[in-house]
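Residue numbers (this note's numbering): 3 to 1097.
We put the beta carbon where it would ideally sit given N, CA and C, even for glycine.
Notes follow the structure.
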């Protein structure tokens, strides 16, 4: 007891966090005397550990390769949020189910632990939505399959309140050592959380590889194989305690990053851990233990990092560091640990020179200081030059690579094709993508020009007011989207680096501030000249105008410099809107520009369709200008072939598909970005469509089927690649083709059979057969369903050919009911595929097309084929796409479209009851009831705090009630309380549109359900709703505004009038319960304002 008492006194006295690790070590030596003593109860915790409830500390031994029998553990508990609790309950039941089904012995039972980053982040009070589940006795894929089967049982779904959107598809992630995936895992979305399943494991490494031999292991062995102690914690969901086998909790308390085992061996096993620890230390603002840091900078470890780790993995870690909250801290560690020449290096040329890092500290510390300035700081250089998160990342890469700027580009060959060493170091060292490499190349190549112009401004050179000189220079820097502002930042950082070197060990602060002031002066001058947006200046003269004005027959190499002459003139005359002066300038320099004479269509097509052509926009401009100069074209017998080639080229390059700049198909994964494809197509679509239009009008060309598909893909202005102008052009072109070359019904059939059916064949839902009919015996789901669904191979219509959905919309909108009645099986698989997709933009389009399709679909076919239930099952899950799992904006969009489609479907169902059946048993009535009960009421209960969701629900409830008529009375007991909750809310006036929708819905309820509203309970509630709501809007009249107040007041007065009429139409005048006047009179006497409401 004396030992225990002395220790507790010492701990209380030395309660600062920096002493706690040392105290723990002293305490552990006396463990045998302390027994049940709760050590952490007397150690004051840091604020970030507020989630701890209780802890027990036991011996932490020296970490060795082999675990000692009395291996240490430290346990604590964590507070779970509701979704995590729901997930925990589900996983525990699955584990118990497996134990029971397989009759496991007590020591063989399934034990599940949440591992790694989630535990760390929860203890640090940071949100985390990614959970790794470690399993003791089976692989993640096997457990994932057992989970899926468990969730398919109706009783289990009901117990855990599993909705369709609560559990996603199970995906298998293959073993990929190059991406640090040393074991197969299974991943699934559960309750909005990303959950990965993997078995506990131990790893054995060889000297020449970072890819280990993996075997099943214990929790202790799994903890030891991890990169840092703070990442080696487990949360045992069976005991609700955190398990710490390696001292991660004390390290977190002390803010220390260290390895679970010997650091040198840890890094030799997997050198990538060096960079991972740098990333975690900077992200968490932790300190790396001195012994760990020593090993991280060890020459053998650095050599292993060069030899064993792919540069792609190095690049991924560096990108995460520089995109994190503390990039300066990461860069500083790279500098301090001597990692720079290991990370930023051209691995293909070991003999390439390495830059000196003298003065580099000034560069990254200055960038950090500038980036830390508030956005409101007047004249902030950083805020002017770095305007987005993407540019913030690029800025830090430029700061890292700036030491290479002192080296000249490699000699030999074409200077324009020789990349600077800075670019090679980034491209080969961290596998910088092409866009970033282009920025670095431009920054190095323009370094001297940018610095010279800055010097002229600061020195007051007479040329500094030559707006065209500065403007054309900026446009040149920005070529190919290379961020001219970041190039200026690079030049500034390079000048600071040179100043720091010149300081020769002295404090360069004064010189750095002078340099910063000079660049601020330069940028201020550019703003004075109004040139900050020079790259986006809209030209007064385009190629077409120039050709017509000059009377030139053929564009060529002269066109680009001629247009530059026009832009320079425009910069000199910013107030001019007439292009005449610019054209005159070109005419003066006609001989200098060497303008061409004549051309043939064959020459034009051969030059334009040449695969070497990369400037698509310039090519389309040239084609357009030439085709418009029909009188100056040399005609030849094979002109029809040439014009068809040009049309196919124009259609191909503007098509929203996966193609490169020259119109060739590509498999580049980067091209899978929908927004990138859309942006590329949008920028040149107008030119391409005009080429097709002029070809159709002037040369009477019949467009190929693929070209016509591309034109059709521009018929919906909601597509990001379509504008109103391109839509009008596309529709006119289609009309022209249909009038002279195409038959509409034949075109529809060719699109449905030859284009859409193959595109959608691999992603067809199981609810229909391959022929588009209802599947009477639907196929069983593949046990690996969803593993490869979201790929270009399975869904080419989504990830490769983005024309498909718009083309299908066009077919549905232009198809006649007769065509649909004959070819309906071709429509169904496409419709259901769109409705089944998990992405909002796709599902939304599917709902819109379904509504249009149903309006044309014959009622008898809908009834006889059983497709009504198929459509109902496909649409109904969308009614549960609610916040917070679905963003509110997307939920509002989807709900409105889903209810509209279901209402259209209901109107087509049989409303006549079968013999001996009541009217409420008809298919139409059942669907309308389901929309109210399982749609509106369920959604309102889960999302009532989202006023926009509530408004959508009420708007469509009004439509449903109007469709139900008198049969809506069955829902009064649920509708009236819902209206009351909204209308009596004291803050109802804050959402006037939702309030107005509620009143309109109440009117529809009174109109259709008036026979049942005469009961005293309903009358009292309705009067209360109207009175409270009326008084509330009068109190908030100023907040509402005059117009909105008058509108809502009129709606309330009309509703009160409808209620009065409805109650008088039931019963006799003597029935006092039916007469509202006596109920209302006392209210008006107390509040005369109500007299207007019940006029």
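- Cα atoms of residue 253 and residue 313: separation of roughly 31 Å, rounded to the nearest angstrom.
- The Cβ-Cβ distance between residue 279 and residue 259 falls below 8 Å.
- Under the criterion of beta carbons closer than 8 Å, residue 315 and residue 274 qualify as touching, at roughly 6 Å.
- Taking one beta carbon from each stretch, the region 1003-1012 and the region 1031-1041 have fewer than 3 pairs nearer than 8 Å; the two do not touch.
- Residue 767 sits buried, since 16 or more C-beta atoms from the chains shown fall within 10 Å of its C-beta.
- The three-state reading of DSSP puts residue 215 in strand, counting E and B together.
- Bounds of the alpha helix (DSSP H) holding residue 444 are 436-447.
- Counting along the chain, residue 245 sits inside the beta strand (DSSP E) bounded by residues 243-246.
- For residue 120, there is no enclosing beta strand (DSSP E); the residue is found in the alpha helix (DSSP H) stretching over 119-125.
- The three-state reading of DSSP puts residue 482 in helix, counting H, G and I together.
- Counting only residues of its own chain and dropping the five nearest sequence neighbours on each side, residue 682 has no CB closer than 7 Å to any other CB.
- Distance check between residue 285 and each of 332, 294 and 521 places 332 closest, using alpha-carbon atoms only.
- Note: residue 191 is bridge-paired with 196 in the DSSP secondary-structure output.
- About 7 Å separates the beta carbon of residue 337 from that of residue 359, a gap short enough to meet the 8 Å contact definition.
- Of all C-beta pairs linking the region 427-446 to the region 527-540, fewer than three are shorter than 8 Å, placing the two stretches out of contact.
- For residue 1092, the closest alpha carbon among the candidates 1059, 439, 1065 and 136 is that of 1059.
- DSSP places residue 259 in the strand class (E or B) of the three-state scheme.
- By the C-beta density criterion, residue 889 is exposed, having fewer than 16 other C-beta atoms within 10 angstroms.
- Residue 236 is bridged by DSSP to 117 and 245.
- Put simply, of 724, 656 and 756 the residue whose alpha carbon is nearest the alpha carbon of residue 709 is 656.
- The bridge partners DSSP lists for residue 643 come to none.
- Between the region 449-467 and the region 321-329, the count of C-beta pairs closer than 8 Å stays below three; the two stretches do not touch.
- Residue 481 counts as exposed, since fewer than 16 other C-beta atoms from the protein chains shown sit within 10 angstroms of its C-beta.
- Around the beta carbon of residue 127, a 10 Å sphere encloses fewer than 16 other beta carbons of the protein chains shown; the residue is thus reported as exposed.
- Between residue 443 and the set 488, 475, 468 and 473, the nearest pair of CA atoms involves 488.
- Counting along the chain, the unbroken alpha helix (DSSP H) around residue 820 starts and ends at 819-838.
- Here residue 747 is not near residue 834, since their CB atoms are 8 Å or more apart.
- The alpha carbon of residue 643 has as its nearest neighbour, out of 367, 445 and 704, the alpha carbon of 704.
- Under the 10 Å beta carbon count, residue 222 is surrounded by 16 or more other beta carbons and is classified as buried.
- If you draw a straight line from the Cα of residue 362 to the Cα of residue 517, it is about 15 Å long.
- Boundaries of the alpha helix (DSSP H) around residue 1025: 1018-1037.
- Contact between the region 713-727 and the region 684-701 is present: 3 or more CB-CB pairs across the two stretches fall below 8 Å.
- Here DSSP, grouped into helix, strand and coil, assigns residue 205 to strand.
- Under the three-state reduction of DSSP output, residue 797 falls in the coil class, being neither helix nor strand.
- DSSP places residue 134 within a strand segment (E or B) once states are collapsed to three.
- As the crow flies, the alpha-carbon of residue 853 is around 8 Å from that of residue 904.
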